[in-house]
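Below you'll find the structure, written out as structure tokens, and then a few comments.
2 protein chains.
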Amino acid sequence: MSTPLCIFDTTLRDGTQGEGISLTAEDKVKIALKLDAMGVHYIEGGNPGSNSKDIEFFRRIRESKLQAKLTAFGSTRRKNSLCEQDINLKHLTESGARAATLVGKTWDFHVHTALQTTLEENLAMIYESLAFVKNSGMEALFDAEHFFDGYKANPDYALAALAKAKAAGSAWIVLCDTNGGTLPGEINEIVSRVVREIDAPIGIHTHNDCELAVANTLAAVSAGARQIQGTINGYGERCGNANLCSILPTLQLKMGHDCVSDEQLKTLTNVARYVSEIANVHMPVNQPYVGNAAFAHKGGIHVSAIMKDSKTYEHIEPQLVGNKQRVLVSELAGQSNILSKAQEMGLDVNPDSMKSRNVIDRIKELEHQGYQFEGADASLELLLRDAYGGSVQIFTVDSFKIMVEKTGGQMTTEAIVKISVAGEQVYTVAEGNGPVNAMDNALRKALVQYYPGIRDIHLTDYKVRVLDEKDATAGKVRVLIESTDFKDTWNTVGVSSNVIEASWEALIDSIRYALLDMVKDDIEPEFVGGTHGLVNH
Amino acid sequence: MSTPLCIFDTTLRDGTQGEGISLTAEDKVKIALKLDAMGVHYIEGGNPGSNSKDIEFFRRIRESKLQAKLTAFGSTRRKNSLCEQDINLKHLTESGARAATLVGKTWDFHVHTALQTTLEENLAMIYESLAFVKNSGMEALFDAEHFFDGYKANPDYALAALAKAKAAGSAWIVLCDTNGGTLPGEINEIVSRVVREIDAPIGIHTHNDCELAVANTLAAVSAGARQIQGTINGYGERCGNANLCSILPTLQLKMGHDCVSDEQLKTLTNVARYVSEIANVHMPVNQPYVGNAAFAHKGGIHVSAIMKDSKTYEHIEPQLVGNKQRVLVSELAGQSNILSKAQEMGLDVNPDSMKSRNVIDRIKELEHQGYQFEGADASLELLLRDAYGGSVQIFTVDSFKIMVEKTGGQMTTEAIVKISVAGEQVYTVAEGNGPVNAMDNALRKALVQYYPGIRDIHLTDYKVRVLDEKDATAGKVRVLIESTDFKDTWNTVGVSSNVIEASWEALIDSIRYALLDMVKDDIEPEFVGGTHGLVNH
Numbered sequence: 204m205s206t207p208l209c210i211f212d213t214t215l216r217d218g219t220q221g222e223g224i225s226l227t228a229e230d231k232v233k234i235a236l237k238l239d240a241m242g243v244h245y246i247e248g249g250n251p252g253s254n255s256k257d258i259e260f261f262r263r264i265r266e267s268k269l270q271a272k273l274t275a276f277g278s279t280r281r282k283n284s285l286c287e288q289d290i291n292l293k294h295l296t297e298s299g300a301r302a303a304t305l306v307g308k309t310w311d312f313h314v315h316t317a318l319q320t321t322l323e324e325n326l327a328m329i330y331e332s333l334a335f336v337k338n339s340g341m342e343a344l345f346d347a348e349h350f351f352d353g354y355k356a357n358p359d360y361a362l363a364a365l366a367k368a369k370a371a372g373s374a375w376i377v378l379c380d381t382n383g384g385t386l387p388g389e390i391n392e393i394v395s396r397v398v399r400e401i402d403a404p405i406g407i408h409t410h411n412d413c414e415l416a417v418a419n420t421l422a423a424v425s426a427g428a429r430q431i432q433g434t435i436n437g438y439g440e441r442c443g444n445a446n447l448c449s450i451l452p453t454l455q456l457k458m459g460h461d462c463v464s465d466e467q468l469k470t471l472t473n474v475a476r477y478v479s480e481i482a483n484v485h486m487p488v489n490q491p492y493v494g495n496a497a498f499a500h501k502g503g504i505h506v507s508a509i510m511k512d513s514k515t516y517e518h519i520e521p522q523l524v525g526n527k528q529r530v531l532v533s534e535l536a537g538q539s540n541i542l543s544k545a546q547e548m549g550l551d552v553n554p555d556s557m558k559s560r561n562v563i564d565r566i567k568e569l570e571h572q573g574y575q576f577e578g579a580d581a582s583l584e585l586l587l588r589d590a591y592g593g594s595v596q597i598f599t600v601d602s603f604k605i606m607v608e609k610t611g612g613q614m615t616t617e618a619i620v621k622i623s624v625a626g627e628q629v630y631t632v633a634e635g636n637g638p639v640n641a642m643d644n645a646l647r648k649a650l651v652q653y654y655p656g657i658r659d660i661h662l663t664d665y666k667v668r669v670l671d672e673k674d675a676t677a678g679k680v681r682v683l684i685e686s687t688d689f690k691d692t693w694n695t696v697g698v699s700s701n702v703i704e705a706s707w708e709a710l711i712d713s714i715r716y717a718l719l720d721m722v723k724d725d726i727e728p729e730f731v732g733g734t735h736g737l738v739n740h
Numbered sequence: 204m205s206t207p208l209c210i211f212d213t214t215l216r217d218g219t220q221g222e223g224i225s226l227t228a229e230d231k232v233k234i235a236l237k238l239d240a241m242g243v244h245y246i247e248g249g250n251p252g253s254n255s256k257d258i259e260f261f262r263r264i265r266e267s268k269l270q271a272k273l274t275a276f277g278s279t280r281r282k283n284s285l286c287e288q289d290i291n292l293k294h295l296t297e298s299g300a301r302a303a304t305l306v307g308k309t310w311d312f313h314v315h316t317a318l319q320t321t322l323e324e325n326l327a328m329i330y331e332s333l334a335f336v337k338n339s340g341m342e343a344l345f346d347a348e349h350f351f352d353g354y355k356a357n358p359d360y361a362l363a364a365l366a367k368a369k370a371a372g373s374a375w376i377v378l379c380d381t382n383g384g385t386l387p388g389e390i391n392e393i394v395s396r397v398v399r400e401i402d403a404p405i406g407i408h409t410h411n412d413c414e415l416a417v418a419n420t421l422a423a424v425s426a427g428a429r430q431i432q433g434t435i436n437g438y439g440e441r442c443g444n445a446n447l448c449s450i451l452p453t454l455q456l457k458m459g460h461d462c463v464s465d466e467q468l469k470t471l472t473n474v475a476r477y478v479s480e481i482a483n484v485h486m487p488v489n490q491p492y493v494g495n496a497a498f499a500h501k502g503g504i505h506v507s508a509i510m511k512d513s514k515t516y517e518h519i520e521p522q523l524v525g526n527k528q529r530v531l532v533s534e535l536a537g538q539s540n541i542l543s544k545a546q547e548m549g550l551d552v553n554p555d556s557m558k559s560r561n562v563i564d565r566i567k568e569l570e571h572q573g574y575q576f577e578g579a580d581a582s583l584e585l586l587l588r589d590a591y592g593g594s595v596q597i598f599t600v601d602s603f604k605i606m607v608e609k610t611g612g613q614m615t616t617e618a619i620v621k622i623s624v625a626g627e628q629v630y631t632v633a634e635g636n637g638p639v640n641a642m643d644n645a646l647r648k649a650l651v652q653y654y655p656g657i658r659d660i661h662l663t664d665y666k667v668r669v670l671d672e673k674d675a676t677a678g679k680v681r682v683l684i685e686s687t688d689f690k691d692t693w694n695t696v697g698v699s700s701n702v703i704e705a706s707w708e709a710l711i712d713s714i715r716y717a718l719l720d721m722v723k724d725d726i727e728p729e730f731v732g733g734t735h736g737l738v739n740h
């Protein structure tokens, strides 16, 4: 079986309806180019009738010669009016997009309640609007809003609406589970009937309100739908849209459908992370296929089986979607985890050596103190490199001091840092929004003159947890920091009874890890100007 | 249709295999009590054979009379040995749990590769181990690991393994999609065959590697499975386990199965958020049914339709799962909650008064800033008492200052606090293990002379979370503090871009809340000695 399917991405339109997701025209251009390179067939860029930001996006994207069909979104015309006088349809046809999706009502309840018009007028709105768009020279697609709820309430009317869209010349008729409440069995049954009765290419557009958007999409494909609408990372209104990052690999690797090339599928993890960075949304570590933990193994028994054959606990090879296997180290796991981690890093490991025994004892001791390396890969890597000789000590900390003060409603935070780097002592002071920010600023200020690449690194998450809960403010705390340089993401840990010291430790590890790469080519630090040495900055 | 189903929660066992999820014995007790109140039928508490933390949990939970069947997890015995000599099985039977789940192999590939034994020996391991557990007086459940992959590779062997488990007296045979790679159609077909051929109650245990764990569970139920294994919020290894927070409402509200009572289902959102707080894992805003955005409406057209009839864009009534609609124009549900909370506290509340409108506006504004009162009842109570006149302003803070320094490996932390109490200014300085401890010490030192009861209060938990993840060290953080006086426990919240300020805020609320009780009988502060006024302590 190898039926070609059509992938329709609506990250830039329906995806931006998600809470906390807001994309500038520039963001949208960047994402469109990534999607195009991955081989999606349609890119829905926005609603040029609803806001000027989308008009700007359509203007700017024209310069890029997209392979995908650029698509603009709008609604059927207003009730009791002419398409020629509809300002939204005008914007749509002037957008420069090659295709237009028009959403229209197919649920009688919505026609009465939301539109407050007659069933006949709604059919006229569908027919005339799609014909208008098609006559303007664009490809027309019909988004049948609430189709499944509509079909359950009044199948004849819902099907009549589709027939109107087909008669008007729609290239695709897309069945939408707008409220996300339909179950896979219902989807399969209803799509099967539509495919039998409506002689037009059928698409599917689902929402995740029951955590079934992916399953509903697959059920529709099994029933004969040929266009899949969804978003990267499942962004979208309420609980989100169907997640293309889960649908694409399942269709291609498990169901035998051709969607994109094997090479394009290998960019999936990168695309998912890139979009999450631009959208400024934290990607869940456990996201299927593309998440950082999607192929991470924690339990000792699992890890020892994985070492024998990765198929034992992996449903696909992670490389097929551009992800990778990770072995997590935790108190539950044994020494085989730690050593395979070291081997993964390319270190020369002899499991029986004194070195190996020492590093395992050290990690156990740290875990006993409250360190948790499963969420702090980078700290573990530094520990292993320090042990097996794969790291360089780039700087040492001589002292630091934090002052936080609130007087007259005014907060002030300063950090003073004294470090030794390249044989010199650097002494810096910086302000910050809080103590960690101030420490981070002071430390960068000291290092940036030697390692300008450090400018690109920033902290993306910061978590604190009390370990000994019997006395929270006097007990130990564990700090986890996540950092990124826009390409990679890494996690570090610090533990202390003092939250400042624990944060400092995790921060130092984050910077040391970033510097591992920067000093690979050039062990001698580069000096790029500014005063340094025993100088107050 | 109304078939009763059995809900088996494994948040405390398989859930803790998730990356970044680490629960203390005390955390586990708290979660078990919540799950029990929600009416789940089995609570799998952990693996007493693998770590001492789980043994402690089973010891401590014995004091609570759970309605649910407490279940311990373990593996079939080691190859070529006797159950009587298996230390893990020994721990299992000594755990005090009423039931035991034993995981065993049903995939021939795993028997050869991971266990490295014969197919016959594996069948003996299954039979003897389950019989051993059953003979010890416990109910025995069989987790058929990799059953679906095993069935696809060698159906006869996979079914033979189930038959052995049945012959040994397993109360349930649970089919596991351990690697999470199976599709709903396959699940339906294979479960149907098992139900036909194996005369025992069948359960389903799925993983989310294809974002299909919920759909696969529902497919198994449609095929005749009667026990559902899953975790709260879908926590679990790699991409997680089947999410009970999505499965439970779908089964009950859409598929007509009885699982828990309607009242218990209404606690679902609270349970989901409580567990995410304890696990210190950020809950995705778009999580189905229980997420903060699950019933949030952003688009203008959607909002106006919702105002006419909420069914237009909501697949269920949010109240059925204890969640609420969020609409930008007005939060009617929220408002009535807040007012009924105030009435609960015995405050004289007129919903239409200016006072009520002001306090609701204030709470909305704070929530917008990142405050979350669901996990901070005491802060909410103070806010309401301040508004309706049920509190006394016992002290005000004039200024505070924190200094943290590390020189020569030595950490020093000091806090200086200036407060006004009983018409006098008190100025104190104290050391601490960290900044929060130092602030706490300085504040107590200032107040204890007036309110000696403050000595009995201490902080039991302290959590920090970044809210704006774009720039973690410069973004906002939310601090949650839990305090106790050995009789009661209360939670307070603070939000700021500065972790010290947010901590200070939560700390002040904690102390103010404690003082509410102490001043009830005696509004005039008691003076118990020591110098005070404008004095340096």
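For the protein sequence lines, the chains are A and B, in the order given.
Position in the first sequence (from 1) plus 203 gives the number in the numbering used here.
Position in the second sequence (from 1) plus 203 gives the number in the numbering used here.
Quick reminder that beta carbons are idealized off the backbone N, C-alpha and C, glycines included.
Source: prediction; values computed, not measured.
Check each candidate in the options and name the one with the smallest Cα separation from residue i.
i        : options                                : result
His408/B : Ser298/B, Pro387/B, Ile234/B, Leu322/B : Pro387/B
Thr616/B : Gly439/B, Ala645/B, Val232/B           : Ala645/B
Ser623/B : Gly612/B, Asn636/B, Leu650/B           : Leu650/B
Asn325/A : Asn419/A, Leu208/A, Ser284/A, Leu662/A : Ser284/A
Leu454/B : Ala641/B, Leu468/B, Asp239/B           : Leu468/B
Ser376/A : Ser225/A, Val306/A, Leu295/A           : Sequence check: residue 376/A is Ile here, not Ser. Nearest of Ser225/A, Val306/A, Leu295/A to Ile376/A, Cα basis: Val306/A.
Met606/A : Gly549/A, Val698/A, Asn640/A, Asp551/A : Asn640/A
Gln628/A : Thr472/A, Ser255/A, Lys666/A, Tyr653/A : Tyr653/A
His313/A : Lys514/B, Ser267/B, Gly353/B           : Lys514/B
Ala228/A : Leu215/A, Asp239/A, Val424/A           : Leu215/A
Check the Cβ of residue i against every Cβ in chain A and list those closer than 9 Å, keeping chain order.
i        : result
Arg614/B : Sequence check: residue 614/B is Met here, not Arg. What Met614/B touches in chain A: Ser699, Ser700, Asn701, Ile703, Glu704.
His485/B : His485, Pro487, Asp664, Lys666
Would you grab the beta carbon distance between residue i and residue j for me? Rounded to a whole angstrom, and I think it's under 8 Å.
i        : j        : result
His500/A : Ile509/A : 5 Å
Ile210/B : Leu415/B : In fact, because the Cβ distance is near 20 Å, the residues do not count as touching under 8 Å.
Met721/A : Gly656/A : 5 Å
Ala581/B : Asn694/B : 6 Å
Leu586/B : Ile566/B : 7 Å
Can you pull the chain A residues whose beta carbon is under 8 Å from the beta carbon of residue i, in chain order?
i        : result
Thr316/B : Ala508, Lys511, Asp512, Thr515
Asn411/B : Asn489, Pro491
Residue i touches chain B at which residues, Cβ-Cβ below 8 Å?
i        : result
Val669/A : Asp664, Tyr665, Lys666
Phe345/A : Simply none; closest approach about 18 Å.
Phe603/A : Glu608, Lys609
Phe498/A : Arg441
Residue i versus chain A: which residues are under 7 Å apart at the beta carbon?
i        : result
Leu650/B : Result: empty, since nearest Cβ-Cβ is about 15 Å, beyond 7 Å.
Gly218/B : The premise fails here: Gly218/B is roughly 11 Å from chain A at the closest Cβ pair, so nothing lies under 7 Å.
Cβ closer than 9 Å: which chain B residues qualify as neighbours of residue i?
i        : result
His294/A : What His294/A touches in chain B: nothing, since even the nearest Cβ is about 16 Å away.
Review point. Which of the residues in the segment 371 to 384 of chain A, read from start to end, lie with their CB under 8 Å from any CB of chain B?
Key: For the segment 371 to 384 of chain A, the set of residues with a beta-carbon nearer than 8 Å to any beta-carbon of chain B comprises Thr381, Asn382, Gly383, Gly384, in chain order.
Check your understanding: Between the segment 615 to 634 of chain A and chain B, which residues of the former have CB atoms less than 8 Å from a CB of the latter, in chain order?
Key -> Cβ contacts with chain B come from Thr616.
Exercise for review: Give the residues from the segment 430 to 457 of chain A that approach chain B closer than 7 Å (Cβ to any Cβ), ordered along the chain.
Suggested key: Taking 7 Å as the Cβ-Cβ cut-off against chain B, the residues of the segment 430 to 457 of chain A that qualify are Glu440, Arg441, Cys442, Gly443, Asn446, Ser449, Thr453, Lys457.
Review point. Along the chain, which unbroken stretches of the alpha helix (DSSP H) at least 4 residues long are found entirely within the segment 565 to 602 of chain B?
Key: Unbroken alpha helix (DSSP H) runs of no fewer than 4 residues, entirely contained in the segment 565 to 602 of chain B, are found at 580 to 591, following chain order.
Exercise for review: Select from the segment 518 to 530 of chain B all residues with a C-beta closer than 8 Å to any C-beta belonging to chain A, and list them in chain order.
Suggested key: Contacts with chain A (Cβ-Cβ distance below 8 Å) from the segment 518 to 530 of chain B involve His518, Ile519, listed in chain order.
Practice item. Could you list the residues in the segment 385 to 414 of chain A with a C-beta less than 9 Å from some C-beta on chain B, going in chain order? Key: Cβ contacts with chain B come from Thr385, Leu386, Pro387, Gly388, His410, Asn411, Asp412, Cys413, Glu414.
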